[in-house]
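I have placed the structure first, in the form of structure tokens, so that the comments after it can refer back to it.
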Amino acid sequence: MEVPPNDLPARIGETGESLDWGAQLDLVERALEEVEASLVRLDDGTYATCEVCSVRIDETVLEAAPTTSRCPDHS
Ligand SMILES: [Zn+2]
3 MEVPPNDLPA RIGETGESLD WGAQLDLVER ALEEVEASLV RLDDGTYATC
53 EVCSVRIDET VLEAAPTTSR CPDHS
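Counting in my numbering, the sequence shown tops out at residue 77, every number present.
Written out as structure tokens, the structure reads:
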């Protein structure tokens with residue numbers, strides 16, 4: 003099963019203890035990449051808009067998943 007990118011920080015907390023170090027490092031690196039991508043989107047003004055349909059992403063969604071780049075319809 004593929005992990006939705008938006009769930010990564012939550013999954014690190016939930017499953018961290020049962021993963022080996024390589025898998026944990028992989029999750030952390032992917033989470034870091036998402037944060038860096040979010041910072042780029044903040045810079046170019048596309049943060050909080052869906053990368054698929056360009057709709058404004060709801061604040062409650064962003065609070066739950068600050069690094070999301072897609073609206074609930076496309077996540
Ligand atoms: Zn969308």
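For every residue, glycine included, the Cβ atom is placed at its ideal position computed from N, Cα and C.
Check: The stretch 54–66 / the stretch 33–40 touching (three or more Cβ pairs under 8 Å); Outcome: no
Check: Burial state of Thr78 (16 or more Cβ within 10 Å); Outcome: The first residue shown for the chain is 3 and the last is 77, placing residue 78 beyond what the model contains.
Check: Pick from Ala50, Glu65 and Leu64 that is closest to Arg58, judged by C-alpha positions; Outcome: Ala50
Check: Any non-hydrogen atom of ligand 1 within 6 Å of Val37 CB; Outcome: no
Check: Closest Cα partner of Ser40 within the set Asp22, Ser77, Ala67 and Asp75; Outcome: Ala67
Check: Near ligand 1: Val57 beta-carbon under 6 Å from a heavy atom; Outcome: yes
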